[in-house]
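Protein chains in written order, with my numbering: chain A, 1 to 219; chain B, 1 to 219. Right, one structure below, let's go through it.
There are 2 protein chains.
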Amino acid sequence: MSIQVYGFWRSIASFRIRVALKLKGLPFEETPIDILVGEQFEPGYVAVNPERVVPTFIHDGHSLFQSLAIIEYLDDIQPKPRLLPEDAKERAYARSLALMTVADAHPLVVPRVRKHLAKAFGADAHAIEEWGKHWTIEGLATYERLLARRAPAPFALGAEPGLADICIAGQVVSAHFLKIPLTDFPLVAGLADRCFAIPAFKSSHPFEQEGYKTASAQH
Amino acid sequence: MSIQVYGFWRSIASFRIRVALKLKGLPFEETPIDILVGEQFEPGYVAVNPERVVPTFIHDGHSLFQSLAIIEYLDDIQPKPRLLPEDAKERAYARSLALMTVADAHPLVVPRVRKHLAKAFGADAHAIEEWGKHWTIEGLATYERLLARRAPAPFALGAEPGLADICIAGQVVSAHFLKIPLTDFPLVAGLADRCFAIPAFKSSHPFEQEGYKTASAQH
């Protein structure tokens, strides 16, 4: 099978599917789309992804969008190791945890939102960073409360890492970007430590991507 | 089976699960949590939903969160009529369409975000409305481009309404709140017309809820 991904080193949604692909041992090629300079708006890419976002996932010529839909699809085409539980209630819990960052915390801190804050409200770099910290901390606090109700054992749903862990780890990546200490979120921090001890997570972290190294070298 | 929902008349996520429950003919009780006045932060509700959002779905005493996870769960416990396709690629497409509002457009216009714009940037009511219009139009435009690539026949994935249609209809509810004309989005408008001709959609619209009628009577 041939898998191609359009992603970006800094994109947390790209991070999520990178981890999922690596956990499943599926080889893929990642083509960078620099969403900071606006490559997602170029006609060639809009033809690939009409939403003009990353990631796009292409499997044997068939395009899919949205990291959560892509991870669910990966579980369909390569069921082992499973990233979503077989039990319906457990699967719903995994999706609930996933969506707390995918649908609530993360959408508020992506580049298009940061740019629009500057344009609409004249927000400066400091104010935009504070905005990002606010919503990232909200997401971390939500996860801390959820993990306090059901302790990781050692991962969010049990013995093996899955969809929920990938998404919580992605929320922790947001904290890394913004240098937010995890002191107030010990359960989240512990879960993330266990995730990032796994090569599939560690090697997928934005700071481990070529694009990050190139961007850092330029500054 | 006993189904209880904590929702709010204005909540588009509550709208989505209301439609799903009604399409499946599942009876439910909805308890209102007024997220405009902050009832979601009261300790009694936080014990129910640690994320402090609506909706919460309770099935025989088991709580679930996040509208998309809830709709997927409904398809598990009551497979007919199916809201997600059986084919893996089609299911992924349905989820992709769903997430364009659930994970991208809608999170930017919810009350907690509008309130934080006022607090963080001193945004006034007009500026917050413009913010809402900007992101709601972005979501509508994304759907119009997607539906142009694959025309509704007559619903987003085929003959029957499903998850994608529920989510696109929810994006149109955002447009209704903000009085955004759909002139530039004819494919979306046509799809929404077909959806809202169905009682399950029509009776779930925020403007059809008791809370809306009460709120309108007060102004």
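A virtual CB, placed ideally from N, CA and C, is assigned to each residue, including glycine.
If we count the other Cβ atoms within 10 Å of its Cβ and call it buried at 16 or more, is residue i buried or exposed?
{"i": "alanine 69 of chain A", "result": "buried"}
{"i": "arginine 149 of chain B", "result": "exposed"}
{"i": "histidine 62 of chain B", "result": "exposed"}
{"i": "alanine 98 of chain A", "result": "buried"}
{"i": "threonine 183 of chain B", "result": "exposed"}
{"i": "methionine 100 of chain A", "result": "buried"}
{"i": "proline 50 of chain B", "result": "buried"}
{"i": "proline 206 of chain B", "result": "buried"}
{"i": "glutamate 30 of chain B", "result": "buried"}
{"i": "valine 173 of chain B", "result": "buried"}
{"i": "serine 216 of chain A", "result": "exposed"}
{"i": "phenylalanine 185 of chain A", "result": "buried"}
{"i": "phenylalanine 15 of chain A", "result": "buried"}
{"i": "alanine 151 of chain B", "result": "exposed"}
{"i": "valine 53 of chain A", "result": "buried"}
{"i": "glutamine 218 of chain B", "result": "exposed"}
{"i": "alanine 125 of chain A", "result": "exposed"}
{"i": "alanine 175 of chain A", "result": "buried"}
{"i": "alanine 13 of chain B", "result": "buried"}
{"i": "alanine 123 of chain B", "result": "buried"}
Give a yes or no on whether the C-beta atoms belonging to residue i and residue j are separated by under 8 angstroms.
{"i": "leucine 74 of chain A", "j": "lysine 24 of chain A", "result": "yes"}
{"i": "valine 113 of chain B", "j": "leucine 108 of chain A", "result": "yes"}
{"i": "leucine 157 of chain B", "j": "proline 85 of chain B", "result": "yes"}
{"i": "alanine 127 of chain A", "j": "alanine 120 of chain B", "result": "yes"}
{"i": "glycine 162 of chain A", "j": "leucine 64 of chain A", "result": "no"}
{"i": "serine 2 of chain B", "j": "aspartate 60 of chain B", "result": "yes"}
{"i": "isoleucine 17 of chain A", "j": "isoleucine 71 of chain A", "result": "yes"}
{"i": "phenylalanine 201 of chain A", "j": "alanine 169 of chain A", "result": "yes"}
{"i": "tyrosine 143 of chain A", "j": "glutamine 171 of chain A", "result": "yes"}
{"i": "leucine 140 of chain A", "j": "leucine 187 of chain A", "result": "no"}
{"i": "proline 32 of chain A", "j": "glycine 7 of chain A", "result": "yes"}
{"i": "alanine 164 of chain B", "j": "alanine 94 of chain B", "result": "yes"}
{"i": "glutamine 66 of chain B", "j": "alanine 105 of chain A", "result": "no"}
{"i": "valine 166 of chain A", "j": "valine 19 of chain A", "result": "It is isoleucine, not valine, that sits at residue 166 of chain A in the sequence shown. Yes, they are a contact pair."}
{"i": "valine 110 of chain A", "j": "phenylalanine 57 of chain A", "result": "no"}
{"i": "serine 203 of chain B", "j": "lysine 22 of chain B", "result": "yes"}
{"i": "proline 154 of chain B", "j": "arginine 194 of chain B", "result": "yes"}
{"i": "glutamate 208 of chain A", "j": "leucine 178 of chain A", "result": "no"}
The alpha helix (DSSP H) that contains residue i, what's its start and end?
{"i": "threonine 214 of chain A", "result": "210 to 217"}
{"i": "aspartate 193 of chain A", "result": "186 to 196"}
{"i": "arginine 112 of chain A", "result": "111 to 121"}
{"i": "alanine 200 of chain B", "result": "199 to 202"}
Go to residue i, then tell me how far its beta strand (DSSP E) extends in each direction, as first and last residue.
{"i": "valine 173 of chain A", "result": "Segment 163 to 177 is the alpha helix (DSSP H) holding valine 173 of chain A; no beta strand (DSSP E) there."}
{"i": "isoleucine 137 of chain A", "result": "Note, isoleucine 137 of chain A: premise wrong, no beta strand (DSSP E); alpha helix (DSSP H) at 125 to 149."}
{"i": "glycine 7 of chain A", "result": "3 to 7"}
Along chain A, which residues have their Cβ under 9 angstroms away from the Cβ of residue i?
{"i": "serine 204 of chain B", "result": "Neighbours of serine 204 of chain B on chain A: none; closest Cβ ~19 angstroms, over 9 angstroms."}
{"i": "valine 113 of chain B", "result": "Leu108, Trp135"}
Which residues in chain A have a C-beta closer than 7 angstroms to the C-beta of residue i? List them in chain order.
{"i": "lysine 89 of chain B", "result": "His62"}
{"i": "tyrosine 212 of chain B", "result": "The premise fails here: tyrosine 212 of chain B is roughly 24 angstroms from chain A at the closest Cβ pair, so nothing lies under 7 angstroms."}
{"i": "threonine 230 of chain B", "result": "A question about residue 230 of chain B goes unanswered here, because the residues of chain B that appear run from 1 up to 219."}
{"i": "aspartate 76 of chain B", "result": "Ala88"}
{"i": "tyrosine 73 of chain B", "result": "Ala88, Ala92"}
{"i": "phenylalanine 65 of chain B", "result": "Ser96"}
{"i": "alanine 69 of chain B", "result": "Ala92, Arg95, Ser96, Leu99"}
Taking C-beta pairs closer than 8 angstroms, name the residues in chain A that residue i reaches, listed in chain order.
{"i": "tyrosine 6 of chain B", "result": "The contacting residues do not exist; tyrosine 6 of chain B stays about 14 angstroms from chain A at best."}
{"i": "alanine 127 of chain B", "result": "Ala120, Phe121"}
Is residue i near the ligand GDP, with its Cβ less than 7 angstroms from a heavy atom?
{"i": "arginine 91 of chain B", "result": "The model depicted lacks the ligand GDP and carries no ligand whatsoever."}
Chain B partners of residue i, CB-CB under 7 angstroms?
{"i": "proline 107 of chain A", "result": "Ala103, Asp104, Pro107, Leu108"}
{"i": "arginine 227 of chain A", "result": "Residue 227 of chain A lies beyond the residue range present for chain A, which begins at 1 and ends at 219; the question has no answer from this structure."}
{"i": "arginine 145 of chain A", "result": "Pro50"}
{"i": "alanine 183 of chain A", "result": "In the sequence as displayed, the identity of residue 183 of chain A is threonine instead of alanine. None at all; the shortest Cβ gap to chain B is about 20 angstroms."}
{"i": "threonine 31 of chain A", "result": "In chain order: nothing, as chain B lies at least about 19 angstroms away."}
Taking Cβ-Cβ distances shorter than 9 angstroms, what residues in chain B pair up with residue i?
{"i": "arginine 149 of chain A", "result": "Pro50"}
Taking Cβ-Cβ distances shorter than 8 angstroms, what residues in chain B pair up with residue i?
{"i": "glutamate 130 of chain A", "result": "Ala120"}
{"i": "histidine 176 of chain A", "result": "The contacting residues do not exist; histidine 176 of chain A stays about 21 angstroms from chain B at best."}
Enumerate, from N- to C-terminal direction, the unbroken beta strand (DSSP E) stretches of 3 or more residues contained entirely within the segment 22 to 95 of chain B. 29 to 32, 56 to 59, 62 to 65
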